[in-house]
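Heads up: the sequence shown at position 122 corresponds to 122 in full-length UniProt numbering, and the numbers run straight through without jumps.
Report on the following structure.
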Amino acid sequence: MTSGLLATSKAVRHSERKSAVSAHDSRAAWLFISPWLIGFAIFTAWPLIYSGYLSLTDYDVINAPNFVGLDNYRQLAADPKIAQSLGNTLYYTVIQVPLHVLVALGLALLLQRAGRASGFFRTAFFLPKMTPPVAIGIMLLLLFNGQSGVINGVLGWFGFQGPSWTTDPNWVKPGLILMSLWTVGSSVIIVLAALREVPDHLHDAAKIDGANSWQRLVRITIPMIGGTLFFLLIVNTIASFQTFTEAYTAYFGSGNTTYSNDAALFYAIYLFQQGFEYLHMGYASAMAWVLFAIIMAVTVVQLVLSKKFVFYLGGHR
Numbered sequence: 001m002t003s004g005l006l007a008t009s010k011a012v013r014h015s016e017r018k019s020a021v022s023a024h025d026s027r028a029a030w031l032f033i034s035p036w037l038i039g040f041a042i043f044t045a046w047p048l049i050y051s052g053y054l055s056l057t058d059y060d061v062i063n064a065p066n067f068v069g070l071d072n073y074r075q076l077a078a079d080p081k082i083a084q085s086l087g088n089t090l091y092y093t094v095i096q097v098p099l100h101v102l103v104a105l106g107l108a109l110l111l112q113r114a115g116r117a118s119g120f121f122r123t124a125f126f127l128p129k130m131t132p133p134v135a136i137g138i139m140l141l142l143l144f145n146g147q148s149g150v151i152n153g154v155l156g157w158f159g160f161q162g163p164s165w166t167t168d169p170n171w172v173k174p175g176l177i178l179m180s181l182w183t184v185g186s187s188v189i190i191v192l193a194a195l196r197e198v199p200d201h202l203h204d205a206a207k208i209d210g211a212n213s214w215q216r217l218v219r220i221t222i223p224m225i226g227g228t229l230f231f232l233l234i235v236n237t238i239a240s241f242q243t244f245t246e247a248y249t250a251y252f253g254s255g256n257t258t259y260s261n262d263a264a265l266f267y268a269i270y271l272f273q274q275g276f277e278y279l280h281m282g283y284a285s286a287m288a289w290v291l292f293a294i295i296m297a298v299t300v301v302q303l304v305l306s307k308k309f310v311f312y313l314g315g316h317r
């Protein structure tokens with residue numbers, strides 16, 4: 001009887017000490033993450049909520065917001081520039097994102113074979129990522145100039161007449177897409193890390209079974225790094241829907257008015273114009289929420305499709 005009471009007492013004391021330690025650890029954890037929580041609340045959560053309110057108002061920054069309900073959203077549906085800018089953005093996204101992932105995969109496969117030189121090439125591929133986006137926009141005008149650009153000069157060496165990348169509306173977006181590959185280096189490093197995690201014995205077994213390099217790539221390598229490729233697909237899709245700086249610098253920030261730059265009018269650029277050039281902040285807030293809804297919908301669709309097409313280690317899809 002006595003021994004049972006002692007055991008129960010020890011168990012209670014142990015439980016109390018464990019609870020005290022757990023509470024102490026919890027307080028310490030909240031203390032350490034509190035700077036981030038405060039920053040998130042002030043600089044992310046509150047602006048997000050307030051922009052939702054502004055989307056229901058007529059606000060020009062100078063005067064107090066005037067509540068107008070859903071008028072801004074109705075105006076969005078009737079604004080031809082919205083359809084044009086969304087079309088440009090979708091065109092850019094549909095081509096740029098798969099191309100970005102394919103180029104990153106191809107360069108990573110080459111780096112995997114580089115041996116001791118891979119360190120140098122990893123650095124060389126990643127360095128362009130450090131280039132400021134504004135500089136990339138300026139480089140686009142220099143490299144893709146129809147008369148004296150480097151790209152057309154190189155094409156001329158092989159007997160091809162290069163297009164007017166920066167003035168022909170049909171070639172403005174392809175030029176921006178090609179220029180976006182300048183910063184593919186970070187994706188290359190991510191894919192390379194994933195490739196090095198693919199078990200060698202799978203390739204060895206495939207070789208014994210007579211599989212060639214292409215079959216091993218399609219049947220083993222790509223499925224095994226499917227999670228990484230899907231991550232790049234998600235991240236780059238979100239980024240491409242918000243593309244702004246390079247196109248704005250090249251086609252809107254230079255003050256060039258000798259030709260129409262509607263072909264480079266992406267949704268984020270039109271949003272910026274409405275909010276900060278025309279001071280239609282309520283309308284711009286409504287545009288921002290529409291963009292958020294589009295990105296969210298596309299991401300959800302990608303997540304649903306990933307369950308069928310993306311393989312993860314452990315056999316889970």
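We treat Cβ as the ideally placed atom computed from N, Cα and C, and that holds for glycine.
- Would you tell me roughly how many angstroms separate the C-alpha atoms of Gly275 and Gly39, rounded to the nearest one? The count along the sequence shown starts at 1 and reaches residue 275 at position 275. The count along the sequence shown starts at 1 and reaches residue 39 at position 39. Each residue's alpha carbon lies about 24 Å from the other.
- Query: Can you tell me the Cα-Cα spacing of Asp25 and Ser34, whole angstroms?
  - Reply: Translated into the one-based positions of the sequence shown, residue 25 becomes position 25. Translated into the one-based positions of the sequence shown, residue 34 becomes position 34. C-alpha separation (whole angstroms): 14 Å.
- Give the C-beta separation of Val188 and Ala114 to the nearest angstrom, bearing in mind that I take them to be a contact with Cβ-Cβ under 8 Å. Counting from one through the sequence shown, the residue named residue 188 turns up at place 188. Counting from one through the sequence shown, the residue named residue 114 turns up at place 114. Not quite, the Cβ-Cβ distance comes to about 12 Å (not below 8 Å), so this is no contact.
- Message: For a quick check, are the C-beta atoms of Ile177 and Leu99 less than 8 Å apart?
- Response: For the purposes of this step, residue 177 is taken as the residue at position 177 of the sequence shown. For the purposes of this step, residue 99 is taken as the residue at position 99 of the sequence shown. Their beta carbons are under 8 Å apart, which means Ile177 touches Leu99 by this criterion.
- If we call anything under 8 Å between Cβ atoms a contact, is Val172 one with Ala264? Residue mapping note: residue 172 aligns to position 172 of the sequence shown, counting from 1. Residue mapping note: residue 264 aligns to position 264 of the sequence shown, counting from 1. Cβ distance < 8 Å, so Val172 and Ala264 count as in contact.
- Task: Tell me Phe158's beta-bridge partners as DSSP assigns them.
- Result: Reading the sequence shown from its first residue, position 158 is the one you call residue 158. In the DSSP output, where bridge partners are listed per residue, Phe158 has none listed.
- Message: Under DSSP, the alpha helix (DSSP H) around His201 begins and ends at which residues?
- Response: Counted from its first residue, the sequence shown places residue 201 at position 201. First-last of the alpha helix (DSSP H) with His201: Asp200 to Ile208.
- Collapsed DSSP secondary structure at Phe67 in the structure displayed: The count along the sequence shown starts at 1 and reaches residue 67 at position 67. Looking at Phe67 - three-state DSSP - the assignment turns out to be strand.
- Query: Exposed or buried, which one is Met287 when buried takes at least 16 other CB atoms within 10 Å?
  - Reply: For the purposes of this step, residue 287 is taken as residue 287 along the sequence shown, with counting starting at 1. Buried is the call here.
- Message: Which same chain residues end up closer than 8 Å to Tyr92 when comparing Cβ atoms and leaving out the 5 residues on each side of it in sequence?
- Response: Locating residue 92 in the sequence shown gives position 92, counting from the first residue. These residues qualify, in order along the chain: Lys173, Leu176, Ile177, Ser240, Thr243 and Phe266.
- Leaving aside the five residues before and after Leu303 along the sequence, list all residues of the same chain whose C-beta is less than 7 Å from its C-beta, in chain order. Within the sequence shown, the letter at position 303 stands for residue 303. Contacts found: none.
- Task: Assign Thr50 to buried or exposed, taking buried as 16 or more other Cβ atoms, counted over all protein chains shown, within 10 Å of its Cβ.
- Result: What you label residue 50 is simply residue 50 of the sequence shown in a count that begins at 1. It should be noted that the sequence gives Tyr, not Thr, for residue 50. Exposed, because fewer than 16 other Cβ atoms sit within 10 Å of the Cβ of Tyr50.
- Item | Inside the region 148–196 only - beta strand (DSSP E) runs reaching at least 3 residues | none
- Item | Nearest-angstrom Cα separation, counted from Leu141 out to Val134 | The sequence position of residue 134 within the sequence shown is 134, counting from 1. The sequence position of residue 141 within the sequence shown is 141, counting from 1. The alpha-carbon atoms of Val134 and Leu141 are separated by roughly 11 Å.
- For Asp58, the three-state DSSP class (helix, strand or coil): Locating residue 58 in the sequence shown gives position 58, where the first residue counts as 1. In this structure, Asp58 counts as strand in the three-state DSSP scheme.
- Message: Suppose you measure from the CA of Val97 to the CA of Tyr312; what does that come to, to the nearest Å?
- Response: The count along the sequence shown starts at 1 and reaches residue 97 at position 97. The count along the sequence shown starts at 1 and reaches residue 312 at position 312. Between Val97 and Tyr312, the C-alpha separation is close to 22 Å.
- Let me know the secondary structure DSSP gives Arg122 once reduced to three states. For the purposes of this step, residue 122 is taken as residue 122 along the sequence shown, with counting starting at 1. The answer is helix: DSSP assigns Arg122 an H, G or I state.
- Query: Buried or exposed: which applies to Leu127, given that a residue is buried once 16 or more other Cβ atoms fall within 10 Å of its Cβ?
  - Reply: Residue mapping note: residue 127 aligns to position 127 of the sequence shown, counting from 1. By the neighbour-count rule (16 or more Cβ atoms within 10 Å), Leu127 is not buried but exposed.
- Task: Take Thr258 and list the residues in its own chain whose beta-carbon comes closer than 7 Å to its own, dropping the five residues that flank it on each side.
- Result: Walking along the sequence shown from the start, residue 258 turns up at place 258. Because the pLDDT of Thr258 is 44, which lies under 50, any placement of that residue in the model is unreliable, and the number read from its coordinates should be weighed accordingly. Excluding residues within five positions, none has a Cβ falling inside 7 Å.
- Item | Rounded separation between Phe272 and Leu202 - CA only | Here residue 272 refers to the residue found at position 272 when the sequence shown is read from its first residue. Here residue 202 refers to the residue found at position 202 when the sequence shown is read from its first residue. Approximately 50 Å between the Cα atoms of the pair.
- Message: Within a Cβ cutoff of 8 Å, which residues of the same chain sit near Asp71, ignoring the five residues on either side of it in sequence?
- Response: Residue mapping note: residue 71 aligns to position 71 of the sequence shown, counting from 1. Taken in chain order, the residues that qualify are Asp58.
- Boundaries of the alpha helix (DSSP H) in which His100 is found, first to last residue: The sequence position of residue 100 within the sequence shown is 100, counting from 1. Here the alpha helix (DSSP H) through His100 covers Pro80 to Gln112.
- Cα-Cα, which of Asn212, Leu195, Val235 and Tyr248 is closest to residue 320? Because the chain here runs from 1 to 317, residue 320 falls outside it and cannot be looked at.
- Query: What are the boundary residues of the alpha helix (DSSP H) that Gly275 is part of?
  - Reply: Start at 1 with the first residue of the sequence shown, and residue 275 comes out as number 275. Neither: Gly275 is in no alpha helix (DSSP H) and is coded neither H nor E.
- Message: Can you give me the C-alpha to C-alpha distance between Lys81 and Thr44, rounded to a whole angstrom?
- Response: By one-based count along the sequence shown, residue 81 stands at place 81. By one-based count along the sequence shown, residue 44 stands at place 44. Distance between the alpha carbons of Lys81 and Thr44: 28 Å.
- Query: If you count every other CB in all the chains shown that lies within 10 Å of the CB of Trp214, and 16 or more means buried, which is it?
  - Reply: Your numbering for residue 214 matches position 214 in the sequence shown. Exposed is the call here.
- Item | 8 Å CB neighbourhood of Ala206 in its chain, flanking five on each side removed | Locating residue 206 in the sequence shown gives position 206, where the first residue counts as 1. Here the set comprises Gln215, Arg216, Arg219 and Ile220.
- Task: Since I believe Gly87 is in contact with Trp289 (beta carbons under 8 Å), could you give me their beta-carbon distance rounded to a whole number of angstroms?
- Result: Working through the sequence shown from its first residue, we reach residue 289 at position 289. Working through the sequence shown from its first residue, we reach residue 87 at position 87. With 8 Å as the limit, Trp289 and Gly87 do not qualify as a contact, their Cβ atoms being about 19 Å apart.
- Query: Quick one, which of Trp46, Leu54, Ile42 and Gly146 has its alpha-carbon nearest Leu279's?
  - Reply: On the sequence shown, position 279 is the one that residue 279 refers to. It is Leu54 whose Cα lies nearest to the Cα of Leu279.
- Message: With the cut-off set at 8 Å, would you say Leu111 and Leu192 are in Cβ contact?
- Response: Numbered from 1 along the sequence shown, position 111 holds the residue referred to as residue 111. Numbered from 1 along the sequence shown, position 192 holds the residue referred to as residue 192. Contact: yes.
- Item | First through last residue of the alpha helix (DSSP H) which encompasses Gly146 | Counting from one through the sequence shown, the residue named residue 146 turns up at place 146. Run containing Gly146: none; DSSP gives neither H nor E here.
- Buried/exposed call for Glu197, threshold 16 Cβ in 10 Å: Within the sequence shown, the letter at position 197 stands for residue 197. That one is exposed.
- Count the other CB atoms within 10 Å of the CB of Ser180; is the residue buried (16 or more) or exposed (fewer)? In the sequence shown, residue 180 corresponds to position 180, counting from 1. Per the 10 Å Cβ criterion, buried.
- Determine the DSSP secondary structure at Gln242, reduced to helix, strand or coil. Position 242 of the sequence shown holds residue 242. In this structure, Gln242 counts as coil in the three-state DSSP scheme.
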